[in-house]
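J.: So for the sequence shown, this note's numbering puts the first residue at 19; every next one is plus one. This structure is in structure tokens; I'll ask about it shortly.
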Amino acid sequence: MASLDFDTLNSTIRYLMFSVFQVRDRGLGDDRDGVADEVATLIKRHEDDGVVVRGIYDVAGLRADADFMIWSHAESIEQLQALYSDFRRTTSLGRASTPVWSNAALHRPAEFNKSHIPAFLAGEEPGAYICVYPFVRSYDWYLLPDEERRKMLADHGIAARAYKDVRANTVPAFALGDYEWLLAFEARSCTASWT
19 MASLDFDTLN STIRYLMFSV FQVRDRGLGD DRDGVADEVA TLIKRHEDDG
69 VVVRGIYDVA GLRADADFMI WSHAESIEQL QALYSDFRRT TSLGRASTPV
119 WSNAALHRPA EFNKSHIPAF LAGEEPGAYI CVYPFVRSYD WYLLPDEERR
169 KMLADHGIAA RAYKDVRANT VPAFALGDYE WLLAFEARSC TASWT
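Set out below in structure tokens:
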């Protein structure tokens, strides 16, 4: 990968949205190719306006109440809300789906290591598999001296180097969720060395 311009990347504003849906048994009919084409057309229209759909993931069986997840990002939260609303209102799949979980995040520079850039922002290819989880640090974390927190984060990063096939996307949560961070770890295969 080419050398990264950390100052430029850290000054880049990107909002992210992870939206998980359950598909109701009725409502889609038999024309699944037509349903897929309808969603692809919607995504293309929003991509022309600057939205990036990084992935649509099959999460069936990974959560009892969910079938698929859409990960999108854009320069404004309004762009992501428009994609979300248009998907739900104007596509057969969206109308046949019930939202299960949705959270937003906003890229900000890492606390102590400005070179810790999310994979999506660094221009890395999306992984075929993803593990997304919300994270909240304890109150005690913020009572620790800066140097101790810095060392703990550095040690954590060093330990993660052994898992080169897993790419990190750590972003501060944004909006109405109760989370501090959203972490999305991507890999090319399901047998990657997950941490």
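The beta carbon of each residue, even a glycine, is placed where N, CA and C say it ideally should be.
(1) Relative to the C-alpha of LYS169, which candidate in PRO190, VAL184, ASN131 and CYS149 has its C-alpha closest?
(2) In angstroms, rounded to a whole number, what distance separates the CA positions of HIS125 and VAL71?
(3) Only counting the same chain, and skipping five residues up and downstream in sequence, which positions put a Cβ closer than 7 Å to that of GLY73?
(4) Quickly, what does DSSP pair ALA186 with across the bridge? List them, please.
(5) So is ARG50 buried or exposed if we call it buried at 16+ other beta carbons inside 10 Å?
(6) Since I believe ILE176 is in contact with PHE24 (beta carbons under 8 Å), could you give me their beta-carbon distance rounded to a whole number of angstroms?
(7) Over the uninterrupted alpha helix (DSSP H) stretch that includes ASN28, give me the two end residues.
(8) Give me the Cα-Cα distance between ALA78 and LEU22, rounded to the nearest whole angstrom.
(9) Between VAL53 and THR108, what straight-line distance do the alpha-carbon atoms span, to the nearest angstrom?
(10) Report buried or exposed for ARG44, applying the criterion of at least 16 other Cβ atoms within 10 angstroms of its Cβ.
(11) On a Cα-Cα basis, can you pick out the residue from GLY112, PRO127, TRP199 and ALA146 that is closest to ILE31?
(12) Considering just the uninterrupted stretch of the beta strand (DSSP E) at SER90, what are its terminal residues?
(13) Using 8 Å for Cβ pairs, my map puts GLN97 next to VAL69. What's the rounded Cβ distance?
(14) GLY47: buried (16+ other C-beta within 10 angstroms of its C-beta) or exposed?
(15) Please report the distance separating the alpha-carbon of ASP173 from that of ASP76.
T.: From the atom records:
(1) ASN131
(2) 16 Å
(3) Excluding the 5 residues flanking it on each side, GLY73 has same chain C-beta neighbours closer than 7 Å at TRP89, PRO144 and ILE148, in chain order.
(4) PHE203
(5) exposed
(6) With 8 Å as the limit, PHE24 and ILE176 do not qualify as a contact, their Cβ atoms being about 19 Å apart.
(7) 24–28
(8) 36 Å
(9) 11 Å
(10) exposed
(11) PRO127
(12) 86–92
(13) Correct: roughly 5 Å between the Cβ atoms.
(14) Exposed, since its Cβ has fewer than 16 Cβ neighbours within 10 Å.
(15) 33 Å
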